[in-house]
Amino acid sequence: MTSGNEQQEHLSPMLYGQGTGNDVPDIKQLETPEVRDELLRDIGGRDAEEGNLCYGTPQLGSANKLQNDRCSRLSKWFSVHLAPEALCHTPNFPLTVFSIFTILLLLWGTAYTLFQDHVAPSSSLFILFSLFILAYIAGRLIFFLKLPPLLGMLLVGIIIGNVNIFNMEGWYKTAVSTLRSTAMVIILIKAGLGLDAGALQRLSFVVIRLAFVPCLVEASVVACVSHFLLDLPWLWGALLGFVLGAVSPAVVVPSLLALKDQGYGEDKGIATLVIAASSIDDILAISGFGVILSTIFSEGDVLQRFLQGPLEVCIGLSFGILWGIVAIYIPHRSESWVVTGRSLMVGLGGLFAVFGSQLAGYSGAGPLASIVMAFVACYGWKKQGWSATNNPVESVFTSMWQIFQPVLFGLIGTAINLSTLEGHAVIYGIATLCVGLSIRLVTSFLIVSGGTLNLKEMFFVAISWFPKATVQQLVLWHLIWQRNGILMKLFLDMLH
1 MTSGNEQQEH
11 LSPMLYGQGT
21 GNDVPDIKQL
31 ETPEVRDELL
41 RDIGGRDAEE
51 GNLCYGTPQL
61 GSANKLQNDR
71 CSRLSKWFSV
81 HLAPEALCHT
91 PNFPLTVFSI
101 FTILLLLWGT
111 AYTLFQDHVA
121 PSSSLFILFS
131 LFILAYIAGR
141 LIFFLKLPPL
151 LGMLLVGIII
161 GNVNIFNMEG
171 WYKTAVSTLR
181 STAMVIILIK
191 AGLGLDAGAL
201 QRLSFVVIRL
211 AFVPCLVEAS
221 VVACVSHFLL
231 DLPWLWGALL
241 GFVLGAVSPA
251 VVVPSLLALK
261 DQGYGEDKGI
271 ATLVIAASSI
281 DDILAISGFG
291 VILSTIFSEG
301 DVLQRFLQGP
311 LEVCIGLSFG
321 ILWGIVAIYI
331 PHRSESWVVT
341 GRSLMVGLGG
351 LFAVFGSQLA
361 GYSGAGPLAS
371 IVMAFVACYG
381 WKKQGWSATN
391 NPVESVFTSM
401 WQIFQPVLFG
411 LIGTAINLST
421 LEGHAVIYGI
431 ATLCVGLSIR
441 LVTSFLIVSG
451 GTLNLKEMFF
461 VAISWFPKAT
471 VQQLVLWHLI
481 WQRNGILMKL
491 FLDMLH
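Here the sequence shown stands for residues 1 to 496, numbered as in the UniProt record's numbering.
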């Protein structure tokens, strides 16, 4: 029989991440009555001894420790139970599903009594909310097949988008675009928080090569293949090349961070290499797309169009570094709300960078600034006492990503309109894509060869340079908005 104090000493390491190599509590441990009771006592205001330190940060009192501990443990518990794999460990699964369904039904019923037609089953708001719920459920279910959850989310988006019920008009169209951009900001900030400064310094030259060479090579190959296979003019082929040349951080980053959390490739900085290179790769692709599109329509100064890419890099780096330094010191580390304040500083800074850069006409600067500011801020927080394994801000964004992941991929799926696809165009398009990806695979493999990576790791990096999704959707939405003018210009160019 153990005393209350002995039981407390036994349980605390599980909750606080002490004495174990895992800072995220095991799901089964959290579901035991003893641990759940202790967690509830902590939330209710458990007294702490004066002079305790939080995350190795000096000069933090017991109130600050409690606030940080609660925020960190709750966000970790939240992210673990929202993650797709949590479903595999859920006891009484049918009762859990029924409980969630009942709560959602009651929530909708209450909203309907207040707003009537605005939330009716035929309303845009109801369809949008249903898309997110179904995408989340599909992501959890697809995990049983050992497949990425985003695949189920995409499939739900494709189905809803092709049954003629997803028709966002008015402010809903703006809301959809805003949600998509917000989800991108969250995953980019999460990526920046996960970068390893030491590995980045070691691999800086490899990052530049991996960012530039595969993108330029794939864009060139796609331009040539599309010219001879699809009869596209050279400039339009180059435009397609830069559309396909970008890698998708929303697909690459979550998978890499999941592997990094399990310890794979961490000693060689593989996750840092790919994440850092992906942001530069996207800027290059978006800038190249903008330059080619502007050249086709011959608008504005030619020199300005060609300088836009380097200018976006400079703007993104400058703002990201400046705001990251500000986020290190504001709020002060001794504040009781330091975790909330730092999360807001980085999150709102990323949103401002992305939306502000789009408004200013330098859309490639925002994503880079989001990653850089998170990286700089996290580097400074580590100097103040936080560590790579105990970063409560990263736990906050992990929890937010579990919510916004179905938002992002569900909306991406709705953009795929199967009715507009023609058989021969699909075949030729797949052929063009396969040729470009094959050359990109070989190029990426050769770039990372000759270093510290073994054969399997080099192949893994090359494969991770494949995904296409969010960047393609971003530039294609731009084309859709200008559809009539672009189609007419393409028709006239092909006549010549």
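We treat Cβ as the ideally placed atom computed from N, Cα and C, and that holds for glycine.
If you're wondering where the values come from, they're calculated on a predicted model, not measured in any experiment.
Cβ neighbours of residue i in the same chain (closer than 6 Å, five flanking residues each side left out)
i, result
"ASP196", "GLY269, THR272"
"LEU307", "none"
"MET373", "GLY320, TRP323, GLY324, GLY349"
"MET345", "ALA327"
"LEU131", "ILE160, GLY410"
"LEU179", "VAL407"
"GLY241", "ALA219, VAL222, ALA223"
"SER370", "VAL185, LEU188, ILE189, GLY350, ALA353"
"ARG209", "ILE447"
Inter-residue spacing [alpha-carbon to alpha-carbon] between residue i and residue j
i, j, result
"VAL99", "ILE137", "Per the sequence shown, the amino acid found at residue 99 is Ser instead of Val. Their backbone Cα atoms lie some 14 Å apart in a straight line."
"VAL247", "TRP465", "6 Å"
"GLY366", "GLY192", "13 Å"
"TYR112", "LEU134", "20 Å"
"LYS383", "PRO331", "15 Å"
"GLN201", "PHE375", "13 Å"
"ASP23", "ASN390", "Low local confidence applies: a pLDDT of 44 at ASP23 is under 50, so the model's placement there is unreliable, with the coordinate-based value given in what follows. Using only the alpha carbons, I get a separation of about 7 Å."
"SER220", "PRO310", "20 Å"
"LEU368", "PRO214", "19 Å"
"ILE127", "HIS118", "11 Å"
"THR420", "GLN402", "32 Å"
"ALA175", "LEU453", "44 Å"
"GLY429", "PRO148", "25 Å"
"TRP381", "PRO392", "11 Å"
"residue 499", "VAL217", "Because the chain in this structure spans residues 1 to 496, residue 499 falls outside the shown range and cannot be described."
"SER438", "ASP231", "21 Å"
"PHE212", "LEU141", "37 Å"
"LEU203", "GLU457", "15 Å"
Neighbour-count burial assignment, residue i, 16 or more Cβ in a 10 Å radius
i, result
"THR102", "exposed"
"TYR362", "buried"
"GLN262", "exposed"
"CYS434", "exposed"
"TRP236", "buried"
"GLN116", "exposed"
"ILE463", "exposed"
Residue i - DSSP class collapsed to helix/strand/coil
i, result
"TRP386", "coil"
"ILE137", "helix"
"GLU422", "coil"
"TYR428", "helix"
"HIS227", "helix"
"GLY263", "coil"
"PRO331", "coil"
"residue 524", "No statement about residue 524 is possible, as the shown extent of the chain runs from 1 to 496 and does not include it."
"LYS456", "helix"
"GLY21", "With a pLDDT of 42 at GLY21, under the threshold of 50, the predicted position of this residue should be treated as unreliable, though the coordinate-derived value follows. Coil, per DSSP."
"LYS173", "helix"
"GLY451", "coil"
"SER399", "helix"
"HIS89", "In this prediction, HIS89 has a pLDDT of 49, which is less than 50 and means its spatial position is unreliable; nothing more can be read from the coordinates."
Cβ neighbours of residue i in the same chain (closer than 8 Å, five flanking residues each side left out)
i, result
"LEU239", "PHE289, ILE292, LEU293, ILE296"
"VAL313", "ILE280, ILE283, GLY364, ALA365, LEU368"
Cβ neighbours of residue i in the same chain (closer than 7 Å, five flanking residues each side left out)
i, result
"PHE409", "ALA135, LEU150, MET153, LEU154, GLY157"
"residue 499", "Beyond the ends of the chain as shown, which are 1 and 496, falls residue 499; an answer cannot be given."
Beta carbon proximity, residue i to chain B, threshold 7 Å
i, result
"LEU107", "Absent here is chain B; the protein component of the structure consists of one chain."
Taking the runs of the alpha helix (DSSP H) that are 4 residues or longer, which of them lie wholly in the stretch 190-246?
-> 197-202, 204-229, 234-244
Where in the stretch 344-388 do unbroken runs of the alpha helix (DSSP H), each at least 4 residues long, occur, reported from the N-terminal end onward?
-> 365-383
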